[in-house]
Every structure is written in C-alpha cells, then in structure tokens.
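K.L.:
I have a structure here, written as structure tokens, and I will follow up with some questions on it.
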Amino acid sequence: MAAGALSRDVEAGGLGAWVRARPLVVGVVAVVLLVVTLILGVGLGSVRVAPAETIAVILSRVFGIDIGVTITPATEAIVWDLRLPRVLTAMLIGCGLAVAGTTFQGLLRNPLADPYVLGTASGAAVGAAIAVLLPIQLVVVEFGLLHGLAFVGALASAWLVFRLGGMGGAGGLTRLLLTGYAVGSVLAAVLTMAMYVSGAELRQIFSFLLGGLGGSSWVRLIVAAPLIIGSSVLIMARGRSLDGMLLGDAAAGHLGIDVSRERGILLALASMATAAAVAISGLIGFVGLVVPHVVRLLVGPAAHRVLPISAIAGAALLSAADLGARLVGDVPVGVVMALLGAPFFLFLLNRSRSGYQL
Amino acid sequence: MIAVAPGAPVLAAKALTVGYAGRTVIDAADLSVAPGERLALVGPNGAGKSSLLRALTGVLAPRAGSIDLLGEAVDQVPRKKLARTIAVVPELADLPFAMPVEEVVALGRLPHEPPLTGLRPTDVAAVDGAIERIGITGLRRRDMRELSMGERQLVFIAVAVAQAAPILVLDEPTTHLDIRHQVDVMELLVDLNERDGTTVIAVLHDLALAAHFFPRVVVLANGRIVGDGAPTETLSAERIREVFGVDPALVRLPVGAA
Numbered sequence: 001m002a003a004g005a006l007s008r009d010v011e012a013g014g015l016g017a018w019v020r021a022r023p024l025v026v027g028v029v030a031v032v033l034l035v036v037t038l039i040l041g042v043g044l045g046s047v048r049v050a051p052a053e054t055i056a057v058i059l060s061r062v063f064g065i066d067i068g069v070t071i072t073p074a075t076e077a078i079v080w081d082l083r084l085p086r087v088l089t090a091m092l093i094g095c096g097l098a099v100a101g102t103t104f105q106g107l108l109r110n111p112l113a114d115p116y117v118l119g120t121a122s123g124a125a126v127g128a129a130i131a132v133l134l135p136i137q138l139v140v141v142e143f144g145l146l147h148g149l150a151f152v153g154a155l156a157s158a159w160l161v162f163r164l165g166g167m168g169g170a171g172g173l174t175r176l177l178l179t180g181y182a183v184g185s186v187l188a189a190v191l192t193m194a195m196y197v198s199g200a201e202l203r204q205i206f207s208f209l210l211g212g213l214g215g216s217s218w219v220r221l222i223v224a225a226p227l228i229i230g231s232s233v234l235i236m237a238r239g240r241s242l243d244g245m246l247l248g249d250a251a252a253g254h255l256g257i258d259v260s261r262e263r264g265i266l267l268a269l270a271s272m273a274t275a276a277a278v279a280i281s282g283l284i285g286f287v288g289l290v291v292p293h294v295v296r297l298l299v300g301p302a303a304h305r306v307l308p309i310s311a312i313a314g315a316a317l318l319s320a321a322d323l324g325a326r327l328v329g330d331v332p333v334g335v336v337m338a339l340l341g342a343p344f345f346l347f348l349l350n351r352s353r354s355g356y357q358l
Numbered sequence: 359m360i361a362v363a364p365g366a367p368v369l370a371a372k373a374l375t376v377g378y379a380g381r382t383v384i385d386a387a388d389l390s391v392a393p394g395e396r397l398a399l400v401g402p403n404g405a406g407k408s409s410l411l412r413a414l415t416g417v418l419a420p421r422a423g424s425i426d427l428l429g430e431a432v433d434q435v436p437r438k439k440l441a442r443t444i445a446v447v448p449e450l451a452d453l454p455f456a457m458p459v460e461e462v463v464a465l466g467r468l469p470h471e472p473p474l475t476g477l478r479p480t481d482v483a484a485v486d487g488a489i490e491r492i493g494i495t496g497l498r499r500r501d502m503r504e505l506s507m508g509e510r511q512l513v514f515i516a517v518a519v520a521q522a523a524p525i526l527v528l529d530e531p532t533t534h535l536d537i538r539h540q541v542d543v544m545e546l547l548v549d550l551n552e553r554d555g556t557t558v559i560a561v562l563h564d565l566a567l568a569a570h571f572f573p574r575v576v577v578l579a580n581g582r583i584v585g586d587g588a589p590t591e592t593l594s595a596e597r598i599r600e601v602f603g604v605d606p607a608l609v610r611l612p613v614g615a616a
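Going down the list, the sequences are from chains Z and D.
Positions 1 to 358 (our numbering) are the ones given, in order, by the first sequence.
Positions 359 to 616 (our numbering) are the ones given, in order, by the second sequence.
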C-alpha cells in the first residue's frame, strides 16, 4: 500500500520524545527520588539525623550489620520508632493510591477517575464517623474501631456501586460512574448529618477527612502492607487486560479478554488497595489522580510501564509531601500536596500541549 | 493453516435467528463459509448485517439455530482460542489517553502473548509486519488521538492483521477512507486472502467495491439472506432495485465488464 500518502511527517523530537523512548530512565529517576525522600524524611525534623546515621540504623536493625557509625540510643529511637514507620507508611499509601488511581482511570476509560470514584471515600468516612460516634472503645493491637469501620465502609460502598452499576451493557461505564456519584452523594449526606450531630467529636471526624500520617506505626504498616502491595502486584500481573480494555469493551472482547470478569477483578483489587490506604491514613487526595497522569505523560499509557513507575512515583510524592507537612508544623499532608503539586501539574499540562497529551 | 478437512466450512450458521428484546433481526439464516473464501456482506441499513457478524463472531448469542466454528459450537470455544481464530477489526473508539500507534497495533497480539511476559520477538515481528503491510509506518509513533478518522481506521485494520487469525472479519472497513485508501484496503484484503489463505468476511456499503473485489457476495434484506453467490448474479440490476430501492444506473457496477 501507499505508505507515504497518509503519514504526515511528524517526529515529536525534543526532551519529551527522548524521555518517552527511555522508560527505564524514568524508572531509575523515580527510584532515586524515592531513596532521597527516605533519607531526608528520616533525617529532617526537630532533631536532625545525618544520612550516615539513618543508613547505619536501618542496616543494623534490618540486617544486623554494623558499619562503624556510632549511634546514640536516642537517635536510634527517633529513626526506628518514630520517623521510619511514618516515612514508610507514606510511601505505602502513596504507592497504593497511585496504583489504584491508574487502574480506575484505565478501567473506566476516564482521565478524571481517582481511587475514590466508586464512593470509597464517602464510605470510609461514614465508617469512621460511626466509629467516632459510637460510645465503644475497642482497640485490638493498635487498630481501633475507626480503622476497621473505615476499611469496611470503603469496601462496602465499592461493592454496592459495582453491584448496582456494574452490569455492563450499553453505556456500562457511564452507568458505573454515575452510580458511584449517586452512592457517594448519599453517603456524603449521611456523613454531613453525622458531623452535624457529633458535637465534641467533630474534630476527630474532620481530621480523618483531611487525612494524615501522624498515626503511623510499625504494626499498622505491617497489617496494611500485604493488602496494598499484594493488590498492586496482582493488578500489575493483569496489566495487559487493562491495556486491551482501553480500546473499549467490544474490541477487548474480540482480543480474547473476558471483559466483565477482568473488570470485576481489577475493580476489586484497586478498591482493596484504596480501602487499606484509607483505613490507616484517612482521605488523602491528589496522589491517585495526578501521579498516573504525570507518569503517562512521561512513559505513555502501557500498563507494564505506567503501573510500576506510578507506584514508585506515588510513594516518593506522598513521602516528600508528608516531610514538607511535618517541617512546616504538621499541617495536613493533602494541603501541602495540592498547594505544591497542582501548580506543577498545570505546568506539565501546558508543556504537553504540543506532542503528547493526557 | 486451518486444520480441517478440505471443503469443510470454517464457519457455518444453520437456521440462525438473532434478535434483541422481542425484535428479530436475523431470521433463520443459513450461511456456510469455506476456508480461504473472500465474502462480502451487503444490504440496506438495518438489514441485520452487523448483527449477523456479531453472532458469527460469538459476541451475540443466537436465539435459535447454531453457529459452528471449525466444527465446534462458537459459544463453546474458549475466548483466547476464539480470538486466535477470528480477528475482528474493532469499531472506531476514542482512546481515553494518548497512545502511540505501534502500541495500539501491538494489542492485536493479546490473544497470543503469554500473560506475564508481554510481547515476544515473534509478536514484535507480527506487529511490524502488520504496520508495514497496511502502510502506516509513518504513523508508528504518532498519538492515536491526533489521527484523522481514515488514519485511525487503517490502524484498527492493522490491529486485526497483527492478530494473524485464519479468519478476518471487517464491518464497513472503508467508511472514512478516501478512494485511494479504499482501493488500497481492498487490495490488502485480496492479498491477505490469496497469499496468506486468510478467510475474509467483510460488510460493505459500497456495492462497486464488493462486486469488483469479492468473488462471493451475500445480500441481506430484512434479516433474510436474499442472495448468495457471484456478484454478477447477486448484484444484478433487478436485485439491486428490489433490495435497495434505487436505480442501478446510479451505482454503475463494473459487473458487466468483469
């Protein structure tokens, strides 16, 4: 066939094209950023800890290796008991929300989707509000009723939305999104009512809504990690189905994908990651919406590149934002992220107007 | 290429009835396609051409009758195997994100790839081959969403060609193409059919293309097959007047000359 007839001579050129041809470079940069935020996150604060001391503590506690740096017990306590769990929790949550966001955006073929699109945020918040208002104090190994009900609320609302709106057929995805919006609205109304009657407990509910990593601990981290990392790995293993579904349900079906089954599994996994994240850190926005877009701008939409790099970038971004929030004096991490991240995102959007777009 | 006895049909519909919610769209149709055939399906809008294709490709369950693919009921064939046997050119869809053409074409290899490893060298070769054959090499790195409708149509045909299935199904593949590319696509179909032995089934609106490039034309009207055979016979002047309600002089088929 006549090759040249249709092909306009376009070669994007420039830095953008160079980067897109080298996803590995983006991955390596993301890993370096992750390590840097880890060391800074542990080192900076009211008491400074040198990077060498941080590394020494980690090596001696994890591997039992002594690299000859003297560490005071106070330093060790700050690194190991206070800062490291918090930094690692931020990374875990950032990773889970970024992977869930990438998955929801791809599955629903909608760039505006985020991890909370199936009503998980409102569900978790209602669960948390109920836990706050109930006159029961139940704590099982550092997990209170709030964590449990937030987790259950998030999963229950995702399940409800999927049952009501996920039947497929004509306009299936729009229906799922609208169902998510409707269920979310009902739950938001319940939440508002709960906050209205909560009186003295209002502050507790409000702090869950803002999200934050102040409550991080090793135990919470170790319980949430398998859920989030496990879901993320299972999602990545189904990356090619996610790619195929970008073409639409009919085309994906002709490519041998069992669309309704794959969609159900992927929605369940992404909801699981979201629910686990929300249960330990409250509602943290922005990471799950924006990280996938930034990574797609850099490496294109193929799942086997977007998912792992989003996971690392999300981890780095949330731990960096949490460090910023901590240094400014414990302002909510979501505030820092939106104030610094949104303008950067707008900058990228403008830069990408030529060549690649979201 | 296809492991069936010579002469046995690759695809056979018997007394096929298809419908949606109380409305019958295909009424007791019999259609048998032999390996290596090149068949065009024509008929007025709403005649049931797309529904027939949807049933034949296992997307739409028939209300009555049977469809056999290589001697096996089509709804019993596992999805991956079905996708390795029948490639359907996807309908034009907007992608939600920017995606380079070569990655879109590579999706055609989904039924072949092992689930975890992704594209193997053979898959990459099939993708390169499809891109070259359709003549869209110059579009390889372009964002799918910047392309014209005609260019997108060529990319989607390339997806199905990369799928490398023994049966290729197309639903109005030339709608958005200029005349040069319409002829190019037709010649590609002839080439895939004659050189590779691919069985080609295409719904076409353009009767002239059907008559010129397809040795067998099936005419569908009101859910019934009203003609099946060489275009000289199925696209005769009376038949066109009867089925489409237009004066065949307007259509100027090259049939008489052929």
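Just so it is clear, CB atoms sit at the ideal spot from N, CA and C, and this is done for glycine as well.
1) Within 10 Å of its beta-carbon, does Gly199 (chain Z) have 16 or more other beta-carbons around it, so buried, or fewer, so exposed?
2) At the 7 Å Cβ level, is Ala313 (chain Z) part of the contact set with chain D, yes or no?
3) Pop quiz: Val513 (chain D) and Leu528 (chain D) are said to be a contact at Cβ under 8 Å. What is the actual Cβ separation, rounded to whole angstroms?
4) Grouping DSSP H, G and I as helix and E and B as strand, with all else coil, what is Glu395 (chain D)?
5) Which residues does DSSP pair with Tyr116 (chain Z) in a beta bridge?
6) Determine, using beta carbons only, whether Glu461 (chain D) comes closer than 7 Å to chain Z.
7) Mind reading off the beta-carbon distance from Asp385 (chain D) to Arg582 (chain D)? Whole number of angstroms is fine, and I expect it under 8 Å.
8) Among Z:Leu234, Z:Val291, Z:Thr89 and Z:Val197, which one has its Cα closest to the Cα of Gly215 (chain Z)?
9) Does the Cβ-Cβ distance between Val463 (chain D) and Ile489 (chain D) come in under 7 Å?
10) List the whole-angstrom C-beta distance separating Ala523 (chain D) from Thr590 (chain D), where the pair is believed to meet the contact cut-off of C-beta under 8 Å.
11) Which of the three DSSP states, helix, strand or coil, is assigned to Arg500 (chain D)?
12) Looking only at DSSP bridge pairs, what is Ile228 (chain Z) linked to?
13) So, at 6 Å on beta carbons, what are the nonlocal neighbours of Pro85 (chain Z) in its own chain, with the 5 sequence-adjacent residues on each side left out?
14) Which residues mark the beginning and the end of the beta strand (DSSP E) in which Ala422 (chain D) is found?
15) Leaving out five residues before and five after Thr382 (chain D) in sequence, what residues of the same chain have Cβ atoms less than 7 Å from its Cβ?
16) Comparing C-alpha positions only, which one of Z:Val99, Z:Val25, Z:Phe345 and Z:Arg48 sits nearest to Leu307 (chain Z)?
17) Does the beta carbon of Ala431 (chain D) come closer than 7 Å to any beta carbon on chain Z?
18) If we call anything under 7 Å between Cβ atoms a contact, is Pro292 (chain Z) one with Gly101 (chain Z)?
19) Flag this pair as yes or no: are the beta carbons of Gly211 (chain Z) and Ile284 (chain Z) separated by less than 7 Å?
20) Cβ of Trp56 (chain Z) within 7 Å of Cβ of Ile67 (chain Z)?
21) For the candidate residues Z:Ile235, Z:Leu213, Z:Leu134 and Z:Gly180, whose alpha-carbon lies nearest to that of Met195 (chain Z)?
22) Please look up how many angstroms separate the CB atoms of His309 (chain Z) and Ala30 (chain Z), rounded, as I've assumed it's under 8 Å.
23) Is there a Cβ of chain Z sitting closer than 7 Å to that of Phe571 (chain D), yes or no?
24) Which two residues bound the contiguous beta strand (DSSP E) that contains Gly587 (chain D)?
25) Give a yes or no on whether the minimum CB-CB distance between Lys438 (chain D) and chain Z is below 7 Å.
26) Can you tell me whether Asp542 (chain D) is buried or exposed? The criterion is at least 16 other CB atoms within 10 Å of its CB, across all chains shown.
27) Tell me whether the beta-carbon of Ala275 (chain Z) lies closer than 7 Å to the beta-carbon of Ile93 (chain Z).
28) Taking C-beta to C-beta, are Ala413 (chain D) and Pro420 (chain D) nearer than 7 Å?
29) Within 7 Å (strictly less), CB to CB, does Pro454 (chain D) reach chain Z?
30) Note down the Cα distance separating Glu596 (chain D) from Gly166 (chain Z), rounded to an integer number of angstroms.
31) Just the Cα atoms here: how many angstroms apart are Asn551 (chain D) and Thr557 (chain D)?
32) Less than 8 Å between the CB atoms is what I'm expecting for Val161 (chain Z) and Thr179 (chain Z), so what's the real figure, rounded?
33) Could you please tell me which residues of the region 104-126 of chain Z, in chain order, have their CB closer than 8 Å to any CB of chain D?
34) Looking at chain D, which residues of the region 230-246 of chain Z have a Cβ within less than 9 Å of any of its Cβ atoms?
35) Relative to chain Z, which residues along the region 412-429 of chain D have a C-beta separation below 8 Å, given in chain order?
36) Give me the residue from Z:Phe344, Z:Leu349 and Z:Gly282 with the minimum Cα distance to Pro115 (chain Z).
P.N.:
On the basis of the data shown:
1) Here Gly199 (chain Z) is exposed: its Cβ has fewer than 16 other Cβ atoms, across all protein chains shown, within 10 Å.
2) So, not an interface residue.
3) With a beta-carbon spacing of about 14 Å, Val513 (chain D) and Leu528 (chain D) fall beyond the 8 Å limit used to define contacts.
4) In the structure shown, Glu395 (chain D) falls within a coil segment according to DSSP collapsed to helix, strand and coil.
5) Answer is none; Tyr116 (chain Z) lacks a bridge partner.
6) For Glu461 (chain D), the nearest beta carbon of chain Z is closer than 7 Å to its own beta carbon.
7) With 8 Å as the limit, Asp385 (chain D) and Arg582 (chain D) qualify as a contact, their Cβ atoms being about 6 Å apart.
8) With distances taken between Cα atoms, Gly215 (chain Z) lies closest to Z:Thr89.
9) Cβ atoms of Val463 (chain D) and Ile489 (chain D): closer than 7 Å.
10) Between Ala523 (chain D) and Thr590 (chain D), the beta carbon gap of about 30 Å keeps them out of contact (Cβ cut-off 8 Å).
11) DSSP places Arg500 (chain D) in coil when its eight states are reduced to three.
12) Partner(s): none; Ile228 (chain Z) has no beta bridge.
13) Cβ neighbours of Pro85 (chain Z) within its own chain (closer than 6 Å, five residues either side excluded): Ser216, Ser217, Trp218 and Leu221.
14) Counting along the chain, the unbroken beta strand (DSSP E) around Ala422 (chain D) starts and ends at Ala422 to Leu427.
15) Within the same chain, Cβ atoms closer than 7 Å to the Cβ of Thr382 (chain D) are found at Thr375 and Gly581, the five residues on either side in sequence being excluded.
16) Nearest neighbour of Leu307 (chain Z) by Cα position, chosen from Z:Val99, Z:Val25, Z:Phe345 and Z:Arg48, turns out to be Z:Val99.
17) Interface residue (Cβ-Cβ distance to chain Z less than 7 Å): Ala431 (chain D) is not classified as such.
18) Yes, these two residues count as a Cβ contact at 7 Å.
19) Taking 7 Å as the cut-off, the beta carbon of Gly211 (chain Z) is found closer than this to the beta carbon of Ile284 (chain Z).
20) Before going further, note that residue 56 (chain Z) is Ala rather than Trp in the sequence given. Contact: yes.
21) Nearest neighbour of Met195 (chain Z) by Cα position, chosen from Z:Ile235, Z:Leu213, Z:Leu134 and Z:Gly180, turns out to be Z:Leu134.
22) As written in the sequence, residue 309 (chain Z) is Ile, which differs from the His given in the question. A Cβ-Cβ separation of about 6 Å places Ile309 (chain Z) in contact with Ala30 (chain Z) under the 8 Å criterion.
23) No, its Cβ sits nowhere closer than 7 Å to a Cβ of chain Z.
24) Element bounds for Gly587 (chain D): Arg582 to Gly587.
25) It does: the Cβ of Lys438 (chain D) has a partner Cβ on chain Z nearer than 7 Å.
26) Sixteen is the threshold: when 16 or more other Cβ atoms of the shown chains lie within 10 Å of the Cβ of Asp542 (chain D), as they do, the residue is buried.
27) Ala275 (chain Z) is not a Cβ neighbour of Ile93 (chain Z), given a cutoff of 7 Å.
28) Taking C-beta atoms as the reference points, Ala413 (chain D) and Pro420 (chain D) count as a pair closer than 7 Å.
29) Among the CB atoms of chain Z, one or more fall inside 7 Å of the CB of Pro454 (chain D).
30) In this structure, the straight-line span from the alpha carbon of Glu596 (chain D) to that of Gly166 (chain Z) is close to 49 Å.
31) Rounded to the nearest angstrom, the two C-alpha atoms are 6 Å apart.
32) Rounded to whole angstroms, the Cβ separation of Val161 (chain Z) and Thr179 (chain Z) is 5 Å, and the two are in contact under 8 Å.
33) Hits within the stretch, in order: Gln105, Gly106, Arg109, Asn110 and Pro111.
34) Along the region 230-246 of chain Z, the positions whose C-beta sits under 9 Å from a C-beta of chain D are Ala237, Arg238, Gly239, Arg240, Ser241, Asp243, Gly244 and Leu246, read in chain order.
35) Correct list: Thr415 and Val417.
36) Cα-wise, what sits closest to Pro115 (chain Z) is Z:Gly282.
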